[in-house]
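Peer 1: Quick one: this structure, given as structure tokens, is what I'll be asking you about.
2 protein chains.
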Amino acid sequence: MRAAVVVTGDEVLHGRVTERNAAFLCAWLEARGVDPVRVTVLPDRTADIAAEVRDRIHDEVDLVVTSGGLGITHDDVTMAAVAAAVGVPTALHEEALVLVGRNADRHPSRFLVSQETRDATDRKQATLPVGARMLPPVGTAPGCALEAGGTLVLVLPGPPGELQAMWLAAVEHDPGLRDVLARTGVAEGRRVLRIHDVVESQVVEALDDARTGILGNVRMGICARIGELELTLADAGVPGGADAVAARLEAAFGAAVFSRDGAPVEVVIGRGLAARREVLAVAESCTGGMIGERLTAVPGSSEWFAGGVIAYANGVKRDLLGVPRDALDTDGAVSEPVARAMAVGARRALGTGWALSVTGVAGPGGGTPAKPVGLVYIGCAAPDGAVVVHEHRFRGDREVIRQRAAVQALHLLRVRLATA
Amino acid sequence: MRAAVVVTGDEVLHGRVTERNAAFLCAWLEARGVDPVRVTVLPDRTADIAAEVRDRIHDEVDLVVTSGGLGITHDDVTMAAVAAAVGVPTALHEEALVLVGRNADRHPSRFLVSQETRDATDRKQATLPVGARMLPPVGTAPGCALEAGGTLVLVLPGPPGELQAMWLAAVEHDPGLRDVLARTGVAEGRRVLRIHDVVESQVVEALDDARTGILGNVRMGICARIGELELTLADAGVPGGADAVAARLEAAFGAAVFSRDGAPVEVVIGRGLAARREVLAVAESCTGGMIGERLTAVPGSSEWFAGGVIAYANGVKRDLLGVPRDALDTDGAVSEPVARAMAVGARRALGTGWALSVTGVAGPGGGTPAKPVGLVYIGCAAPDGAVVVHEHRFRGDREVIRQRAAVQALHLLRVRLATA
Numbered sequence: 001m002r003a004a005v006v007v008t009g010d011e012v013l014h015g016r017v018t019e020r021n022a023a024f025l026c027a028w029l030e031a032r033g034v035d036p037v038r039v040t041v042l043p044d045r046t047a048d049i050a051a052e053v054r055d056r057i058h059d060e061v062d063l064v065v066t067s068g069g070l071g072i073t074h075d076d077v078t079m080a081a082v083a084a085a086v087g088v089p090t091a092l093h094e095e096a097l098v099l100v101g102r103n104a105d106r107h108p109s110r111f112l113v114s115q116e117t118r119d120a121t122d123r124k125q126a127t128l129p130v131g132a133r134m135l136p137p138v139g140t141a142p143g144c145a146l147e148a149g150g151t152l153v154l155v156l157p158g159p160p161g162e163l164q165a166m167w168l169a170a171v172e173h174d175p176g177l178r179d180v181l182a183r184t185g186v187a188e189g190r191r192v193l194r195i196h197d198v199v200e201s202q203v204v205e206a207l208d209d210a211r212t213g214i215l216g217n218v219r220m221g222i223c224a225r226i227g228e229l230e231l232t233l234a235d236a237g238v239p240g241g242a243d244a245v246a247a248r249l250e251a252a253f254g255a256a257v258f259s260r261d262g263a264p265v266e267v268v269i270g271r272g273l274a275a276r277r278e279v280l281a282v283a284e285s286c287t288g289g290m291i292g293e294r295l296t297a298v299p300g301s302s303e304w305f306a307g308g309v310i311a312y313a314n315g316v317k318r319d320l321l322g323v324p325r326d327a328l329d330t331d332g333a334v335s336e337p338v339a340r341a342m343a344v345g346a347r348r349a350l351g352t353g354w355a356l357s358v359t360g361v362a363g364p365g366g367g368t369p370a371k372p373v374g375l376v377y378i379g380c381a382a383p384d385g386a387v388v389v390h391e392h393r394f395r396g397d398r399e400v401i402r403q404r405a406a407v408q409a410l411h412l413l414r415v416r417l418a419t420a
Numbered sequence: 001m002r003a004a005v006v007v008t009g010d011e012v013l014h015g016r017v018t019e020r021n022a023a024f025l026c027a028w029l030e031a032r033g034v035d036p037v038r039v040t041v042l043p044d045r046t047a048d049i050a051a052e053v054r055d056r057i058h059d060e061v062d063l064v065v066t067s068g069g070l071g072i073t074h075d076d077v078t079m080a081a082v083a084a085a086v087g088v089p090t091a092l093h094e095e096a097l098v099l100v101g102r103n104a105d106r107h108p109s110r111f112l113v114s115q116e117t118r119d120a121t122d123r124k125q126a127t128l129p130v131g132a133r134m135l136p137p138v139g140t141a142p143g144c145a146l147e148a149g150g151t152l153v154l155v156l157p158g159p160p161g162e163l164q165a166m167w168l169a170a171v172e173h174d175p176g177l178r179d180v181l182a183r184t185g186v187a188e189g190r191r192v193l194r195i196h197d198v199v200e201s202q203v204v205e206a207l208d209d210a211r212t213g214i215l216g217n218v219r220m221g222i223c224a225r226i227g228e229l230e231l232t233l234a235d236a237g238v239p240g241g242a243d244a245v246a247a248r249l250e251a252a253f254g255a256a257v258f259s260r261d262g263a264p265v266e267v268v269i270g271r272g273l274a275a276r277r278e279v280l281a282v283a284e285s286c287t288g289g290m291i292g293e294r295l296t297a298v299p300g301s302s303e304w305f306a307g308g309v310i311a312y313a314n315g316v317k318r319d320l321l322g323v324p325r326d327a328l329d330t331d332g333a334v335s336e337p338v339a340r341a342m343a344v345g346a347r348r349a350l351g352t353g354w355a356l357s358v359t360g361v362a363g364p365g366g367g368t369p370a371k372p373v374g375l376v377y378i379g380c381a382a383p384d385g386a387v388v389v390h391e392h393r394f395r396g397d398r399e400v401i402r403q404r405a406a407v408q409a410l411h412l413l414r415v416r417l418a419t420a
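Going line by line, the protein sequences match chains A and B.
Using the working numbering, read the first sequence as starting at 1 and increasing by one per residue.
Using the working numbering, read the second sequence as starting at 1 and increasing by one per residue.
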């Protein structure tokens, strides 16, 4: 089964919005054994969208999913475009009109516009291709599903929450989509491995495919993330291919293979802390709260994460974390002694077993020859009182340096937890 | 001038990586008056990539930019695909080989693999389409530029930092790209407006295009973000069209039009604080550090942001922010009195003029009938001692609720700053 995703929206195309819908749909489909063959992002132009949908039907993909362009403004043209691609007119769908009105009435901002505007915008959103099945609105925009030339076309709204909810409802209830999914197999042996501080060429060498032929029975994708490699494996034909690759990588890299089930490092950390009934605090300077934000994105993190101090100003390092004025004056905020004192101070101030600290020069300004942009100290304090501080010299812009610092801090803790 | 972007990579297609390159390229091009006509994301398959590049050349776009697939593993096929699309062979580029080796030698991980592996991977990365101009590597992968059928094809590496640096260097130095850009005009009157707490239908009604025809002289895109609308305007033909729309929106919505130059709310806040020589602290519970992270993403934020407390556990609210035990026991952590006390406590603990606090139920667990998922209190304490607390009931999943809370907190501060 092959699927194509068509994302519409000038704001997406022009880079002003981070597109999440294609990623959601493709990840979902791929895990269910449907092959995403392309994602296309197009402007809000009827002709462009219609041509793309028509081309994908002509290519005989089994499923085309569109995202966006179901709103009430002049540049929302997807329903019209899909109708044009499929070669049918559009018409007001009475049931959709009722649902649109009902959903829209739930929002107070609804009544900031005139009745005339409300009627016109409701009618626009309830106008669907003739013969399409309506997908009930999650927000105010209904979607639709229709078959054309052996391809199922699914039209979904742009806001990610609405798209995801409508997709999942269609998976359950739309007869066309149920049929497509029933005809796929689950990708056997599929798993995601995550490896810390290993580069792609090391994986290539460890697998030694030229000699072992190990890649013959597996579909493998390697993705370099910040500080990590992500490998996606699935059996290709013969069962056990993914197992063999995973085993070889674990033999080669040991504990650097920190996730065998795709769990990100913050989830691995949470499992480790919860198992020990221990709690973590953070003391963040240049990362500004990024580490706390990543940890608290994990549901249930309150069990093992108490919080922390965003010690952006030196006075805050001193007053809330007890970093000695001496150390700040003599060694400077970006130094091993200050990273150490921040970690110790966070443990004490928040009363936790573990603490992570980060202090560095994120740039673009603030660097000196002695302490250049990218210099970052990461500290980890453990329940037994031991404190470890690592020095890093990261490359990249402000955001990349901050992200690298956050990732390496999380991994320092992960390793300390695993070996404690 | 029309441009198309082709992003390659199974990890991108399957949604495991957040794609930033297309957004960067399209935003850059659009601001320079080049029309991005599509973005296509494809798997790491030579035939698919070659077909797409060939189709775009056939469509007579002026510029095609590819991203990704220049690495050393079996699934890095972009150079070969572009050569196939253009109809030339590939060959080892001697100058590229020297640069690849030199850049690779700078990384300690280089020497974790054998000389044989290093030679083979270097040769792969230095193999370019015959006749292409080499774009010098930023990491280890060189890119290239070549003309085919009136279209300039630019091949860039996947890691965002490398792509951006190589693109900017090519803008300066590649004769083909300089020629394309010389033939564009800057989009006249182009600006980005940001409006808080206004929905699209209100903008539609305010512009009353059916009566005023105001949209006839302007290219306008509306994008709904979390809690904000983003409008991109440019003159279409006649000068002054964008000005007219901006003026009408400012008349209709007043201070809700909080950004007239595209600056995001955290930059607007920074300008306000810097002008008053005042400093901000945050006290975050359910947002976990997200607000601090957004504020510190702004270079120079240390001038007006001191840091804060991530008070995830109630004990931390008590011990670091001085929230009374009474209030926590009686009203609960998610309450107006606790939000108030957190804001007051952050001001005091960090010694700042301003403070923001957030406490809420992010979900999916933790909700009750009295305090459901999405209930969030946001507090703002000012230098004169005044404290304002707003209650919100947000809808969405954990991440959406956290993001909505962060956005509304930033806007509460923005408004308080503007009216102080």
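Cβ coordinates follow ideal geometry from the N, Cα and C atoms, glycine included.
For A420 of chain B, tell me which candidate among B:I401, B:A381, B:H392 and B:G396 has the shortest Cα-Cα distance.
Peer 2: B:A381
Peer 1: Can you tell me the Cβ-Cβ gap for E11 of chain A and G221 of chain B, rounded? I've got them flagged as a contact below 8 Å.
Peer 2: The Cβ separation is near 6 Å, so the contact holds.
Peer 1: With a threshold of 8 Å between beta carbons, is Q408 of chain A in contact with chain B?
Peer 2: no
Peer 1: If you measure between the beta carbons of T90 of chain B and A80 of chain B, is that distance less than 8 Å?
Peer 2: T90 of chain B places its beta carbon less than 8 Å from that of A80 of chain B.
Peer 1: Going by DSSP, what residue range makes up the alpha helix (DSSP H) through L13 of chain A?
Peer 2: D10 to L13
Peer 1: Which residue spans inside the stretch 14-86 of chain B form an unbroken alpha helix (DSSP H) run of at least 4?
Peer 2: Taken in chain order, the complete alpha helix (DSSP H) segments of 4 residues or longer contained in the stretch 14-86 of chain B are 21-31, 46-58 and 78-86.
Peer 1: Any idea if D329 of chain A is buried or exposed, counting beta-carbon neighbours within 10 angstroms, 16 or more meaning buried?
Peer 2: exposed
Peer 1: Do the stretch 129-149 of chain B and the stretch 206-222 of chain A touch if we need at least three Cβ pairs shorter than 8 Å?
Peer 2: no
Peer 1: Does DSSP put I401 of chain B in a helix, in a strand, or in coil?
Peer 2: helix
Peer 1: Taking CB distances under 8 Å as the criterion, tell me whether F442 of chain B reaches chain A.
Peer 2: Residue 442 of chain B lies beyond the stretch modelled for chain B, which goes from 1 to 420, so this question has no answer here.
Peer 1: For G240 of chain A, which of A:R190, A:W354 and A:D59 has the nearest alpha-carbon?
Peer 2: G240 of chain A has its Cα closest to that of A:R190, out of A:R190, A:W354 and A:D59.
Peer 1: Using a cut-off of 8 Å between C-beta atoms, extract the partners of E399 of chain B located in chain A.
Peer 2: A297
Peer 1: Only counting the same chain, and skipping five residues up and downstream in sequence, which positions put a Cβ closer than 8 Å to that of A23 of chain B?
Peer 2: Cβ neighbours of A23 of chain B within its own chain (closer than 8 Å, five residues either side excluded): none.
Peer 1: Taking only beta-carbon atoms, is S357 of chain B less than 8 Å away from chain A?
Peer 2: Taking Cβ atoms only, chain A never reaches closer than 8 Å to S357 of chain B, which makes this a no.
Peer 1: Name the DSSP beta bridge partners of W304 of chain A, please?
Peer 2: Note: W304 of chain A sits in no beta bridge, so no partner.
Peer 1: So is E200 of chain B in contact with chain A if we call contact Cβ pairs under 8 Å?
Peer 2: Yes, because at least one Cβ of chain A sits closer than 8 Å to the Cβ of E200 of chain B.
Peer 1: May I ask you to report which of helix, strand or coil DSSP gives D235 of chain B?
Peer 2: strand
Peer 1: Just confirm the distance between the C-beta atoms of G289 of chain A and E293 of chain B, as a whole number of angstroms; I'd bet it's less than 8 Å.
Peer 2: 4 Å
Peer 1: Under 8 Å, do A281 of chain B and A306 of chain B count as touching if we go by C-beta distance?
Peer 2: Taking 8 Å as the Cβ cut-off, A281 of chain B and A306 of chain B qualify as a contacting pair.
Peer 1: Quick one: list the residues of chain A neighbouring D179 of chain B, beta-carbon separation under 8 Å, in chain order.
Peer 2: Within chain A, no residue comes near D179 of chain B; the closest Cβ sits about 23 Å away, beyond 8 Å.
Peer 1: Residues of chain A with CB closer than 8 Å to the CB of L215 of chain B, please, in chain order.
Peer 2: H74
Peer 1: Under 7 Å between beta-carbons, which chain B residues line up against Y377 of chain A? List them in chain order, please.
Peer 2: Residues of chain B passing the Cβ test: none, with the nearest at roughly 17 Å.
Peer 1: E147 of chain A CB to nearest chain B CB: under 8 Å?
Peer 2: No, no contact with chain B.
Peer 1: Any idea if A247 of chain A is buried or exposed, counting beta-carbon neighbours within 10 angstroms, 16 or more meaning buried?
Peer 2: exposed
Peer 1: Closest Cβ-Cβ distance between I49 of chain A and chain B: below 8 Å?
Peer 2: no
Peer 1: Taking T40 of chain B and T212 of chain A to be in contact with their CB atoms under 8 Å, please state how far apart those CB atoms are, rounded to whole angstroms.
Peer 2: At roughly 35 Å, the Cβ-Cβ gap does not stay under 8 Å, so T40 of chain B and T212 of chain A are not in contact.
Peer 1: Name the chain A residues whose beta carbon is nearer than 9 Å to that of T40 of chain B?
Peer 2: R38, V39, T40 and V41
Peer 1: Would you verify that the beta carbon of M290 of chain A is, or is not, closer than 8 Å to some beta carbon of chain B?
Peer 2: yes
Peer 1: Mind listing the chain B neighbours of D261 of chain A? Cutoff is C-beta to C-beta under 8 Å, in chain order.
Peer 2: The contacting residues do not exist; D261 of chain A stays about 14 Å from chain B at best.
Peer 1: Beta-carbon separation of D76 of chain A and L70 of chain A under 8 Å?
Peer 2: yes
Peer 1: Would you say R172 of chain B faces chain A, with C-beta separation under 8 Å as the test?
Peer 2: Position check: residue 172 of chain B holds Glu in this sequence, whereas Arg was assumed. No, no contact with chain A.
Peer 1: Verify whether the separation of the beta carbon atoms of I49 of chain B and V6 of chain B is less than 8 Å.
Peer 2: yes
Peer 1: Would the C-beta of A234 of chain B count as close to the ligand GTP, meaning under 7 Å from any of its heavy atoms?
Peer 2: Among the ligands in the structure shown, none appear at all, so the ligand GTP cannot be discussed.
Peer 1: DSSP three-state label for E250 of chain A, please.
Peer 2: helix
Peer 1: With 16 other CB atoms within 10 Å as the buried threshold, where does D174 of chain B fall?
Peer 2: buried
Peer 1: Helix or strand or just coil, what does DSSP make of E278 of chain B?
Peer 2: coil
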